[in-house]
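Quick notes on the structure that follows.
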Amino acid sequence: MPDKPTIAIVDDDASVRDTTKDLLDSAGLSCATFDSAESFLQSKSTCAIRCLVADMRMPGMTGLELYSHLVSCGTPIPTVLITAYADEQVCVRALKTGVTCFLAKPFRPEDLLACIETALRGPGQVLLPGAASST
Numbered sequence: 040m041p042d043k044p045t046i047a048i049v050d051d052d053a054s055v056r057d058t059t060k061d062l063l064d065s066a067g068l069s070c071a072t073f074d075s076a077e078s079f080l081q082s083k084s085t086c087a088i089r090c091l092v093a094d095m096r097m098p099g100m101t102g103l104e105l106y107s108h109l110v111s112c113g114t115p116i117p118t119v120l121i122t123a124y125a126d127e128q129v130c131v132r133a134l135k136t137g138v139t140c141f142l143a144k145p146f147r148p149e150d151l152l153a154c155i156e157t158a159l160r161g162p163g164q165v166l167l168p169g170a171a172s173s174t
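Dropping the structure here:
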């Protein structure tokens, strides 16, 4: 049986990191948590990560800046950006850069899991609260 893909959770809010980790653990996904984009980059674990769940707004490097940095270094990781500050222009800009999914907080657990599943397969959707994809 192949190894489970590892999902990186990058958020400066410990409660969001812990809650998201608990959700992914309960879904049978392997995950690693980081309190900043910089700590993720310093971890040297980027090659093992198959999906990145990152907060859009963090001190230092933002989630979108982290994604752009990975792309410019030739190591793009399918990325789900989460934010409490959803705005249409930011969402469109993020998706145009290649981010897989932009998810507004508070989000439903099933929406995040759907975004991660999509990220593991390929690009391109936006999920806002109450707009779960139909499968």
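Each residue of the sequence shown is one higher than the last, beginning at 40 in this note's numbering. Even glycine gets a Cβ: it sits at the ideal position worked out from N, Cα and C. Computed from a prediction, not measured in an experiment: that's the story for all the values here.
Pairwise C-alpha distance: residue j and residue i
| i | j | result |
| --- | --- | --- |
| G92 | V119 | This sequence places Val at residue 92; Gly is not what is there. Each residue's Cα considered, the two are about 5 Å apart. |
| K135 | I121 | 16 Å |
| D61 | A158 | 19 Å |
| G99 | A133 | 18 Å |
| P82 | D126 | Note that residue 82 is Ser in the sequence shown, not Pro. The straight-line gap from Cα to Cα measures roughly 31 Å. |
| V55 | A143 | 13 Å |
| M97 | D51 | 6 Å |
| A94 | T101 | In the sequence as displayed, the identity of residue 94 is Asp instead of Ala. Their Cα atoms are separated by approximately 7 Å. |
| S107 | L68 | 25 Å |
| Y124 | T139 | 18 Å |
| A53 | I155 | 20 Å |
| F146 | D57 | 15 Å |
| D42 | R89 | 11 Å |
Backbone secondary structure at residue i - three-state DSSP
| i | result |
| --- | --- |
| R89 | strand |
| S54 | helix |
| D61 | helix |
| V129 | helix |
| S75 | coil |
| T157 | helix |
| T139 | coil |
Sequence-distant residues of the same chain with beta carbon closer than 6 Å to residue i, five excluded per side
| i | result |
| --- | --- |
| P115 | L109 |
| F73 | V49 and F79 |
| A87 | T45 |
| L105 | A76 and A93 |
Contacts around residue i, its chain only, beta-carbon distance under 7 Å, and the 5 residues preceding and following it disregarded
| i | result |
| --- | --- |
| L63 | I46 and C70 |
Closer than 8 Å to chain B by CB, residue i
| i | result |
| --- | --- |
| I155 | The chain labelled as chain B is not found in the depicted structure, where only one protein chain is given. |
Proximal residues to residue i (C-beta, below 8 Å), its chain only, five neighbours per side dropped
| i | result |
| --- | --- |
| A66 | L152 |
| S175 | Past the boundaries of the shown model lies residue 175; the chain is included only from 40 to 174, so the question cannot be answered. |
| P148 | L62 |
Query - Complete alpha helix (DSSP H) runs within the stretch 92-125 (minimum length 4 residues, chain order) - result: For the stretch 92-125, whole alpha helix (DSSP H) runs of length 4 or above, ordered along the chain, are 102-111.
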